[in-house]
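In this text, residue positions in the sequence shown follow numbering that gives the first Met the number 0: the first is 0, and each later residue adds one.
To start, the structure itself, in structure tokens.
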Amino acid sequence: MQTSAPLIAHVIHRLDVGGLENGLVNLINHIPEDRYRHAILCMKGYSDFRNRIRRKDVVIIDLEKREGHDLMLYYRLWKHLKALKPDIVHTRNLAALEAVVPAMLTGVRVRIHSEHGRDFNDIAGDNRKHLLLRRTLMPAVNHSIALSRDLENYMHTKIGVPRRKITQIYNGVDTEKFHPSDGKNPELPFSEPGLVVFGTAGRMQAVKDQTTLARAFIRMLKIAPQLKNTARLMMIGDGPLRNAAIALLEEAGCPELAWLPGSRDDMADIMRQMNVFVLPSLSEGISNTILEAMATGLPVIATRVGGNEELVDENETGFLVPPADPEAIAQAMIKYLEYPRLIARHGSAARQKAEKSFSMDAMVRAYLQVYDGRRRKR
């Protein structure tokens, strides 16, 4: 007779700052401890981001994947799964999908895979090699989870997963941690009265395309130079595009109007310092940062890609713009500056939608239904 909760082994590429990882940590933190235990097997290690896991019983394993095709990785994975004896193996995204084979070989009967978004090198999900790998391995998966309707349709039409084997689950957001502001924090930049702060957050890498936002901010100031008195820009996160964005702002002569501090651990406080959130990504699954911005009561300007259209209601909670289009983002920013009442109206509607449709409780219930249901069928 089992005396402890069943174990889920989550297999991911790396436990570091990111939307997939944030969603995993939120799920682990909010699943009741008497329902499931957790282990995280990381292909390429982990960072201090692991400290966001509040439970002390979570096993985190670095599989130490070498560059290229590391065949010994699968042996190490098989060995750890054999020792852990998980009841469920849950792989996330293509980078971890191959783990279903060692899972089968160790006798794990419940194998779940979820798709969270697409890579910069395969934004449309049409890479033939990747499609072949997914189509080859998906029959070994008992059930799939898609984080957006867009990804659900992709899994069914492009990969061939039957609809009955896919559950679409939106990420949840902590609406208590992320809540509207009562006023600006004087300990953070741009707290002066009358300023309108546009902000973004996330890894500063090509798929997130933050340099387009920097160009949009610069373009906005060229269209309406008087906005230098009121408009400010926050870009939170680290990565290869950070220096490029700083260089663009310096070249345009407006670095003092922007704040790019790198990675931060106080995002809830920083969100409340913003007035409008902007997401310039080239590709998205379901953006945690959009959900956090909505919960904070911020209107959102987002690119019309992936699951963004499922989160942002045009001219109700924000504006949708084409990807890689600084002019379109600049015009949306100007609209908020010209009609400041829109900020309050769209922000209030965004908060209401976050509370109604994207609660943490709803997300946890949906995952538990999948986990429990598959265990009953094994």
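The beta carbon of each residue, even a glycine, is placed where N, CA and C say it ideally should be.
Since the model is a prediction, treat every value here as computed from it, not as a measurement.
Presumed contact (8 Å Cβ cut-off) between residue i and residue j, rounded CB distance
{"i": "leucine 26", "j": "valine 363", "result": "7 Å"}
{"i": "methionine 234", "j": "alanine 257", "result": "7 Å"}
{"i": "proline 279", "j": "tyrosine 335", "result": "In fact, because the Cβ distance is near 15 Å, the residues do not count as touching under 8 Å."}
{"i": "isoleucine 11", "j": "alanine 95", "result": "6 Å"}
{"i": "glycine 68", "j": "asparagine 92", "result": "In the sequence on display, residue 68 carries histidine and not glycine. Actually they are not in contact, since the Cβ atoms of histidine 68 and asparagine 92 sit about 17 Å apart, beyond 8 Å."}
{"i": "aspartate 86", "j": "arginine 263", "result": "No, aspartate 86 and arginine 263 are not in contact; Cβ-Cβ is about 37 Å, not under 8 Å."}
Sub-7 Å separation of residue i and residue j beta-carbons
{"i": "valine 100", "j": "valine 88", "result": "no"}
{"i": "arginine 54", "j": "leucine 6", "result": "no"}
{"i": "aspartate 149", "j": "glycine 306", "result": "yes"}
{"i": "alanine 213", "j": "leucine 247", "result": "yes"}
{"i": "serine 272", "j": "lysine 176", "result": "It is worth fixing the name first, because residue 272 is glutamine in this sequence and not serine. Contact: no."}
{"i": "arginine 134", "j": "isoleucine 158", "result": "yes"}
{"i": "arginine 163", "j": "phenylalanine 189", "result": "no"}
{"i": "arginine 65", "j": "lysine 43", "result": "no"}
{"i": "valine 304", "j": "proline 322", "result": "yes"}
{"i": "isoleucine 111", "j": "histidine 79", "result": "no"}
{"i": "glutamate 285", "j": "serine 180", "result": "For the record, residue 285 in the displayed sequence is isoleucine; it is not glutamate. No, they are not a contact pair."}
{"i": "isoleucine 122", "j": "alanine 145", "result": "no"}
{"i": "isoleucine 59", "j": "arginine 51", "result": "no"}
{"i": "glycine 261", "j": "arginine 202", "result": "no"}
{"i": "alanine 98", "j": "threonine 90", "result": "yes"}
{"i": "glutamate 291", "j": "threonine 174", "result": "no"}
{"i": "isoleucine 217", "j": "alanine 251", "result": "yes"}
Residues bridged to residue i (per DSSP)
{"i": "glutamine 167", "result": "Ala145"}
{"i": "tryptophan 258", "result": "Met233"}
{"i": "histidine 9", "result": "Ile39 and His89"}
{"i": "glutamate 114", "result": "Ala145"}
{"i": "valine 109", "result": "Ile87"}
{"i": "leucine 14", "result": "Tyr45"}
{"i": "valine 172", "result": "Ser358"}
{"i": "valine 206", "result": "Looking at the DSSP assignment, valine 206 forms no beta bridge with any residue, so it has no partner."}
{"i": "valine 311", "result": "Valine 311 is not bridged to any residue."}
Top-ranked residue by Cα proximity to residue i, from the options
{"i": "serine 46", "options": "Glu291, Tyr74, Met71 and Val16", "result": "Val16"}
{"i": "leucine 19", "options": "Asn287, Ala353 and Met203", "result": "Asn287"}
{"i": "glutamine 351", "options": "Tyr370, Gly372, Glu315 and Arg373", "result": "Glu315"}
{"i": "glutamine 209", "options": "Leu290, Ser282, Phe48 and Glu97", "result": "Ser282"}
{"i": "aspartate 61", "options": "Ala215, Leu72, Ala243 and Met103", "result": "Leu72"}
{"i": "methionine 219", "options": "Ile328, Lys84 and Val57", "result": "Ile328"}
{"i": "glutamine 204", "options": "Ile333, Asn21 and Asn120", "result": "Asn120"}
{"i": "valine 172", "options": "Ala343, Val24 and Cys253", "result": "Val24"}
{"i": "isoleucine 30", "options": "Val57, Arg49, Asn50 and Lys84", "result": "Val57"}
{"i": "proline 192", "options": "Pro254, Ser262, Ser113 and Asn274", "result": "Asn274"}
{"i": "phenylalanine 197", "options": "Ala215, Glu186, Lys207 and Val109", "result": "Ala215"}
{"i": "serine 347", "options": "Asp312, Asp86 and His129", "result": "Asp312"}
{"i": "arginine 241", "options": "Pro224, Ala251 and Leu259", "result": "Leu259"}
{"i": "lysine 376", "options": "Val109, Lys84 and Cys41", "result": "Val109"}
Helix, strand or coil at residue i according to DSSP, with G and I counted as helix
{"i": "histidine 89", "result": "strand"}
{"i": "valine 363", "result": "helix"}
{"i": "threonine 199", "result": "strand"}
{"i": "alanine 98", "result": "coil"}
{"i": "glutamine 1", "result": "For glutamine 1, the pLDDT reaches just 47, beneath the cut-off of 50, and the residue's location in the model is therefore unreliable, although a value from the coordinates is still provided. Three-state DSSP puts glutamine 1 in coil, outside helix and strand."}
{"i": "threonine 302", "result": "strand"}
{"i": "histidine 178", "result": "coil"}
{"i": "leucine 187", "result": "coil"}
{"i": "tyrosine 45", "result": "strand"}
{"i": "cysteine 52", "result": "Going by the sequence as given, residue 52 is isoleucine instead of cysteine. In the structure shown, isoleucine 52 sits in coil (DSSP, three-state: anything other than H, G, I, E or B)."}
{"i": "serine 280", "result": "coil"}
{"i": "glycine 317", "result": "strand"}
{"i": "isoleucine 60", "result": "strand"}
{"i": "aspartate 371", "result": "helix"}
{"i": "serine 358", "result": "strand"}
{"i": "glutamine 160", "result": "Rather than glutamine, the amino acid found at residue 160 in this sequence is valine. Valine 160: coil per DSSP, three-state reduction."}
{"i": "valine 24", "result": "helix"}
{"i": "valine 140", "result": "coil"}
{"i": "proline 224", "result": "helix"}
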